[in-house]
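Worksheet: the structure to be examined is printed underneath.
Residue numbers (the numbering used here): 114 to 480.
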């Protein structure tokens, strides 16, 4: 079915938020194999002939092949919406935030179809208005510009001054799924919850990464002690890029494995160990799902190329640069544990305070 929107409506995605509560650029967080912003772009492509991004970080979005416009008036979603209306070049605009995991093209097309005779078409759900998933016309610009001059950045405050169409949930039958359609992501915990829904991960996980010799094992050891003291059940995965042996020649278990067993398990009254042969390292999500269903959180050491949320360990004597910031910009970085002050877009924790690092993990994933 063709759901393309009329040519007088452009699509705009706001990508200029500071993501303070998330601690990193949430538009680039990977979900289901794609950054969040790309999921919104994919929903827009079959609908609009003209799509723009609005924000001040053009270099991060150049790969999408869409125009990126910096805010004319910085510092608010209202400023981003104003910029989108000015730059779009069409009488109407459908605007979305960049952090909606499940934008529905059918719902967008339905809202756009209601635009005639109105300056704003906005969903009004039981929980409130959805001003960043709505249609706006250029007739809104005078009221927007007045509010920006006055320093009033609450978008829906200008609705009474223009022709506003409030769309109730009952008018969108079959298009709105409570707890899904208008969900957005603001915090690491929200992202983890949504990632579990999308990707099926039932166990929370965070990876400690660092350049070799920085001391991530020492920090991780102390964080484990802290979290165990708070009553949590912990799993730990250590990434080893080299071959390793946990069994020794002469032991019965080693003889059985050497004889050709593909999986060998040894069990005692206190613990068990599994030796399982494979041709390539299994995905980290598969390891977590298979072996760690009985813990509250998995702490991994390494796996810097994975999509897991990350805490980078930094020691100034080891390196002046970071793995996840600088030349690389890993959107899954949640925090840096450092022994020196750093100016970053994520929280900087005290490397010498395992309790502070444990507090961050507990706050982000366990409470």
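For every residue, glycine included, the Cβ atom is placed at its ideal position computed from N, Cα and C.
Note that the structure is a prediction, hence the values are computed from the model and not measured.
In chain order, what residues of the same chain have a beta carbon less than 6 angstroms from the beta carbon of residue i, not counting five sequence neighbours either side?
i           : result
residue 336 : 467, 470 and 471
If you draw a straight line from the alpha carbon of residue i to that of residue j, how long is it in whole angstroms?
i           : j           : result
residue 275 : residue 180 : 29 angstroms
residue 297 : residue 214 : 7 angstroms
residue 207 : residue 123 : 6 angstroms
residue 268 : residue 152 : 24 angstroms
residue 211 : residue 331 : 38 angstroms
residue 205 : residue 256 : 16 angstroms
residue 417 : residue 406 : 23 angstroms
residue 186 : residue 262 : 9 angstroms
residue 462 : residue 258 : 40 angstroms
residue 431 : residue 218 : 49 angstroms
residue 421 : residue 229 : 45 angstroms
residue 137 : residue 381 : 44 angstroms
residue 475 : residue 384 : 27 angstroms
residue 398 : residue 154 : 26 angstroms
residue 464 : residue 451 : 5 angstroms
Nearest to residue i by alpha carbon, out of the options?
i           : options               : result
residue 279 : 305, 254 and 249      : 249
residue 348 : 241, 404, 380 and 324 : 404
residue 411 : 427, 318 and 428      : 318
residue 343 : 184, 480 and 362      : 480
residue 352 : 239, 327, 396 and 386 : 396
residue 304 : 475, 120 and 135      : 135
residue 320 : 426, 291 and 239      : 426
residue 322 : 159, 302, 449 and 465 : 449
residue 277 : 238, 227, 265 and 129 : 227
residue 160 : 398, 194 and 120      : 120
residue 191 : 130, 146, 399 and 464 : 130
residue 429 : 242, 285, 453 and 302 : 453
Using DSSP with H/G/I as helix, E/B as strand and the rest coil, what is residue i?
i           : result
residue 273 : helix
residue 135 : coil
residue 287 : coil
residue 114 : Below a pLDDT of 50, predicted positions are generally treated as unreliable, and residue 114, at 45, falls in that range; no measurement from the model is reported.
residue 243 : coil
residue 124 : strand
residue 418 : coil
residue 484 : The structure shown does not extend to residue 484, since the chain is modelled only from 114 through 480, so no value can be given for it.
Mind checking residue i: buried by the 16 CB within 10 Å criterion, or exposed?
i           : result
residue 162 : exposed
residue 260 : buried
residue 114 : Residue placement at residue 114 cannot be trusted, given a pLDDT of 45 that sits under 50; the coordinates are not used to answer.
residue 433 : exposed
residue 473 : buried
residue 325 : exposed
residue 455 : exposed
residue 193 : buried
residue 364 : exposed
residue 338 : exposed
Within the same chain, show all residues whose beta-carbon is closer than 7 angstroms to that of residue i, passing over the 5 residues directly before and after it, in chain order.
i           : result
residue 182 : 165, 167, 196 and 200
residue 244 : 235, 268 and 269
residue 282 : 238, 239 and 289
residue 117 : 159 and 160
Measure from the C-beta of residue i to each C-beta in chain C and report whether the shortest distance is under 8 angstroms.
i           : result
residue 280 : Considering every chain present, this structure includes no chain C. It has just one protein chain.
Return the chain-ordered list of same chain residues with a C-beta closer than 8 angstroms to the C-beta of residue i, the five sequence neighbours on each side being excluded.
i           : result
residue 294 : 215, 217, 220 and 288
residue 141 : 148, 149, 150, 173, 442 and 444
residue 307 : 144, 214, 296 and 298
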